[in-house]
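Structure, as structure tokens:
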Amino acid sequence: EEVTSFDADLQRLIDDMVDTMYAAPGIGLAAHQIGLALQLFVIDGAVKDPEHPIIVMANPTIVSQDGEAVDEEGCLSLPQYVDHVKRAEKIALAGRDRNGEPFTLEGEGLLARAMQHEYDHVQGILMLDRLSPLKRSLYVKRVKKLEKIRAHEPAVAG
């Protein structure tokens, strides 16, 4: 769902997303990851510019992408899972900032990876969807095994 209103409610949501991202801890978070079907993500921009530590993008579209890089990637939606994912080496996204102003963001390296990862979330795509069927299958088996183990562990009183 496209972001159409850049009001005080959206500003609070963005601030909450940033707090959640750092608490997780992660370098990016999409609205989809907190149960909101909005085309919105935040990224820890310190990887690009320490003077502008938070990148907010609403309604992103891909302007260009170039090259190819395979590197390790994790996801807050898939705790404790890291795998190698193929992404564009450089990317440019167009969207709107937290005030609704249009802008284009170019990134390479870690920033490009984070931009593509969060863009995928906005499109309803998980990191797992970028892996081979075999790797996805192994992940599902691992999760089922962990669930089975946890089901047999005694509850601990807090």
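Residue numbers for the sequence shown, in this note's numbering: 45 to 202. A virtual CB, placed ideally from N, CA and C, is assigned to each residue, including glycine.
What does a CB cutoff of less than 6 Å around residue i pick up in its chain, not counting 5 residues either side in sequence?
i	result
M61	L73 and V86
C119	M171
G70	L120
V114	H128 and K130
Q109	A132 and I135
Using DSSP with H/G/I as helix, E/B as strand and the rest coil, what is residue i?
i	result
S108	strand
D51	coil
I98	strand
D141	coil
I78	helix
G168	coil
E116	strand
L175	coil
I58	helix
Q160	helix
A136	strand
D88	strand
D93	coil
Enumerate in chain order the residues of its own chain whose CB-to-CB distance from residue i is below 7 Å, with the five nearest sequence positions on each side excluded.
i	result
Q83	E45, E46, V47, A102, N103, P104 and V166
T64	L73 and I78
A68	L120
When you compare the CB positions of residue i and residue j, do they come within less than 8 Å of one another, or not?
i	j	result
E116	H128	yes
V107	L137	yes
Y66	Y125	no
L54	I99	no
Enumerate in chain order the residues of its own chain whose CB-to-CB distance from residue i is below 8 Å, with the five nearest sequence positions on each side excluded.
i	result
P97	D88, G89 and A90
F50	A102, R140, R142, N143 and G144
H76	L82, H165, V166 and G168
Ordered list of alpha helix (DSSP H) runs contained in the segment 178-202, each at least 4 residues: none
Meets three-Cβ-pair contact criterion under 8 Å: the segment 125-143 and the segment 154-169: The segment 125-143 is in contact with the segment 154-169.
The segment 176-184 contacting the segment 136-154, beta-carbon criterion three pairs below 8 Å: no
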